[in-house]
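In the working numbering, the protein residues as written are 1 to 443.
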Amino acid sequence: MRNPTLIVHGASSFTAKELLRYLDTHPDGGSFEFILAGRTKARLDKANEPLKRKREVIVVDLEDRESVKKLVAKGDVVINLAGPFRWYNAEALIRECAESGKHYIDLTGESTWLARDIIPKYNYLASKTGACIVPSCGVDSIPSDMALYSALSLLKTSHPDLSITKSTALFKAAGTVSGGTAASLYAEIEIPEEYKARQYQGEWCQTPTFRKASSIKPIVSLSHPLLPFPERIGAFFVMYPYNCTVVRRSWYLSQLPDNKRDPFADPSANSSSGEKEEPAHGDELVYEEGMEVGSSKLLAGVASFALFGFFALFKFSGLFRKLFKYVIPAQGTGSSDKTLQKGNLKVTSLSTTTDPNVAVLTTYTGKGDPGYIHTCHLLAESALSLVLPPPKGTTLPPLSKRGGCLTPSTAMGQVLIARLNNTDHTAIKSELLVGGQESRKRR
């Protein structure tokens, strides 16, 4: 029986360098293979040179359907690094994966593209073939999605009748500006008119549910009588608007009957009855994020309004966008490896529940520059979660075994948390807080 094969598309990119190195030296390396794919053979060959064992290289033209078909047939899961994804025709890879029952993951932060071009077209098809289409498997948006999932899982294990009513996450990051992230911002701002319809905008755009959008706050407070530390304050977090769309899709998918029925999906698809039911959210959930600044509300307010001003200029001034390109890293470039390795990410999340005396405190930590190093670790472990045997005591969620356009938590669930916690670069821990005393129950 052959080992599962990962296809790394965009393998000659700057970000791919760390991903290839990570896969090449992975402790489970004997259990999987990986292929380097992209547009230019010379660049792919150069990316192949540092690897301990030379890997297969495939040149692919995403405008050529036969070329894409042959590439996807070679593997079990496609890891796509070539973004912005609307610009660079990621839909060609997604279409072929959905048609052939292969899995797909990427780094996208492009909500309008997902809402208009991907979920409505491929969720039903993927559910028929068993393909898991899982966008946003990097720092956007695994920390947000998996921290909340970890809290919900612990709560439902200890207090199955309770639900999370509000979750607040504060991000604290040390890293560099990613050229790819900046390019994604341009892709989201410079969208064609047909992408600007109401149903493709806002935090609910990845669901068929349209509710009143949450207001974006300049000051986010992490405070509760059950917390073992004083109030922490956050300013506006630049990725919150996108992360929230992923959290909302997870919220929606978790509520489907038995976590298996989706209005876009085929009602006759295989049932997952008999399997352990995944934790489901309640009817109401307030979700917010902030960029941690300490305890100063003044500092948070100043930082937030500075960011609001920047984004107003960025959105409405073409001249400003042109000038901004001169001060950000070009796409495909980045800092030295030494600088990138010094980066880190910490997320502190508080989830309050329908019982005021019960809450969940979750901490998420990741080593390495969030946009270049840590995101590659997350991508790799996400792909491996889908194709390798799950760690002891875990199983993939029912939706994962059925397929569809999913999120990290609904596709990988406890398998991904266990895999990440088994590494030396990522930790996700949730603690139950009851009546002012921290419970010893952890997850």
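Ideal Cβ placement from N, Cα and C applies to all residues, glycine included.
Expressed to the nearest angstrom, what Euclidean distance is found between the alpha-carbon atoms of residue i and residue j?
{"i": "Gly-10", "j": "Gly-301", "result": "39 Å"}
{"i": "Leu-23", "j": "Phe-32", "result": "9 Å"}
{"i": "Thr-112", "j": "Cys-205", "result": "7 Å"}
{"i": "Ile-216", "j": "Val-238", "result": "11 Å"}
{"i": "Glu-188", "j": "Tyr-326", "result": "19 Å"}
{"i": "Glu-143", "j": "Asn-421", "result": "For clarity, residue 143 is Pro in the given sequence; the question names Glu instead. Approximately 13 Å between the Cα atoms of the pair."}
{"i": "Asp-64", "j": "Asn-89", "result": "11 Å"}
{"i": "Thr-245", "j": "Arg-21", "result": "31 Å"}
{"i": "Leu-313", "j": "Val-293", "result": "24 Å"}
{"i": "Phe-14", "j": "Thr-40", "result": "14 Å"}
{"i": "Gly-413", "j": "Thr-108", "result": "19 Å"}
{"i": "Lys-128", "j": "Lys-46", "result": "39 Å"}
{"i": "Ser-351", "j": "Lys-342", "result": "30 Å"}
{"i": "Gly-435", "j": "Thr-353", "result": "13 Å"}
{"i": "Ala-173", "j": "Pro-370", "result": "7 Å"}
{"i": "Tyr-195", "j": "Thr-5", "result": "35 Å"}
{"i": "Val-358", "j": "Gly-282", "result": "15 Å"}
{"i": "Ala-265", "j": "Pro-120", "result": "Per-residue confidence for Ala-265 stands at a pLDDT of 46, beneath the threshold of 50, marking its modelled position as unreliable; no derived number is given."}
{"i": "Ser-150", "j": "Ala-42", "result": "43 Å"}
{"i": "Ala-280", "j": "Leu-36", "result": "38 Å"}
{"i": "Ile-79", "j": "Phe-320", "result": "33 Å"}
{"i": "Asn-259", "j": "Ala-197", "result": "29 Å"}
{"i": "Leu-340", "j": "Val-177", "result": "11 Å"}
{"i": "Lys-54", "j": "Gly-30", "result": "14 Å"}
{"i": "Arg-211", "j": "Ser-100", "result": "35 Å"}
{"i": "Tyr-186", "j": "Glu-278", "result": "37 Å"}
{"i": "Lys-449", "j": "Leu-44", "result": "Absent from the structure is residue 449, since the part of the chain shown begins at 1 and ends at 443."}
{"i": "Leu-3", "j": "Gly-318", "result": "Position check: residue 3 holds Asn in this sequence, whereas Leu was assumed. The straight-line gap from Cα to Cα measures roughly 49 Å."}
{"i": "Asp-106", "j": "His-26", "result": "20 Å"}
{"i": "Pro-368", "j": "Leu-345", "result": "It is worth fixing the name first, because residue 368 is Gly in this sequence and not Pro. Taking the straight line joining both Cα atoms gives about 8 Å."}
{"i": "Arg-248", "j": "Tyr-242", "result": "10 Å"}
{"i": "Lys-315", "j": "Glu-203", "result": "18 Å"}
{"i": "Leu-93", "j": "Gln-331", "result": "21 Å"}
{"i": "Thr-394", "j": "Glu-66", "result": "38 Å"}
{"i": "Phe-310", "j": "Leu-323", "result": "13 Å"}
Among all the DSSP beta bridges, which residues are the ones paired with residue i?
{"i": "Arg-232", "result": "Leu-222"}
{"i": "Asn-48", "result": "Answer is none; Asn-48 lacks a bridge partner."}
{"i": "Glu-292", "result": "Gly-234"}
{"i": "Val-77", "result": "Leu-6 and His-103"}
{"i": "Val-347", "result": "Phe-171 and Tyr-364"}
{"i": "Phe-34", "result": "Leu-6"}
{"i": "Tyr-287", "result": "Ser-167"}
{"i": "Ser-141", "result": "Gly-138"}
{"i": "Ala-126", "result": "Paired residue(s): none; Ala-126 is not in a bridge."}
{"i": "Ala-427", "result": "Thr-365"}
{"i": "Ile-133", "result": "Tyr-104 and Cys-405"}
{"i": "Thr-353", "result": "Ile-164"}
So the beta strand (DSSP E) residue i belongs to, where does it begin and stop?
{"i": "Val-59", "result": "57-59"}
{"i": "Leu-361", "result": "358-367"}
Taking C-beta to C-beta, are residue i and residue j nearer than 8 Å?
{"i": "Val-415", "j": "Leu-396", "result": "yes"}
{"i": "Ser-158", "j": "Leu-432", "result": "yes"}
{"i": "Asp-140", "j": "Ser-250", "result": "no"}
{"i": "Gly-175", "j": "Thr-333", "result": "no"}
{"i": "Gly-138", "j": "Thr-375", "result": "yes"}
{"i": "Pro-84", "j": "Ala-16", "result": "no"}
{"i": "Val-57", "j": "Leu-71", "result": "no"}
{"i": "Val-8", "j": "Phe-34", "result": "yes"}
{"i": "Arg-116", "j": "Tyr-252", "result": "no"}
{"i": "Glu-288", "j": "Thr-168", "result": "yes"}
{"i": "Lys-338", "j": "Ile-233", "result": "no"}
{"i": "Ile-118", "j": "Glu-96", "result": "no"}
{"i": "Asn-123", "j": "Gly-404", "result": "yes"}
{"i": "Asp-28", "j": "Leu-388", "result": "yes"}
{"i": "Leu-227", "j": "Ser-349", "result": "no"}
{"i": "His-377", "j": "Thr-407", "result": "no"}
{"i": "Ala-235", "j": "Ser-304", "result": "yes"}
{"i": "Ala-73", "j": "His-103", "result": "no"}
Along the chain, where does the alpha helix (DSSP H) that runs through residue i open and close?
{"i": "Leu-253", "result": "240-254"}
{"i": "His-103", "result": "Looking at the DSSP string, His-103 is not in any alpha helix (DSSP H); the run it does join, the beta strand (DSSP E), is 103-106."}
{"i": "Val-415", "result": "413-421"}
{"i": "Val-177", "result": "Counting along the chain, Val-177 falls outside any alpha helix (DSSP H), and DSSP gives it neither H nor E."}
{"i": "Ala-300", "result": "297-316"}
{"i": "Val-387", "result": "375-387"}
{"i": "Thr-339", "result": "337-341"}
{"i": "Thr-15", "result": "14-24"}
Since residue i contacts residue j with CB under 8 Å, what's their CB separation in whole angstroms?
{"i": "Val-360", "j": "Leu-154", "result": "6 Å"}
{"i": "Ala-445", "j": "Val-77", "result": "Since the displayed the chain opens at 1 and closes at 443, residue 445 lies outside it and no answer follows."}
{"i": "Val-134", "j": "Ala-411", "result": "5 Å"}
{"i": "Gly-366", "j": "Leu-170", "result": "The pair is not a contact, with the Cβ atoms about 15 Å apart (cut-off 8 Å)."}
{"i": "Pro-230", "j": "Ser-295", "result": "7 Å"}
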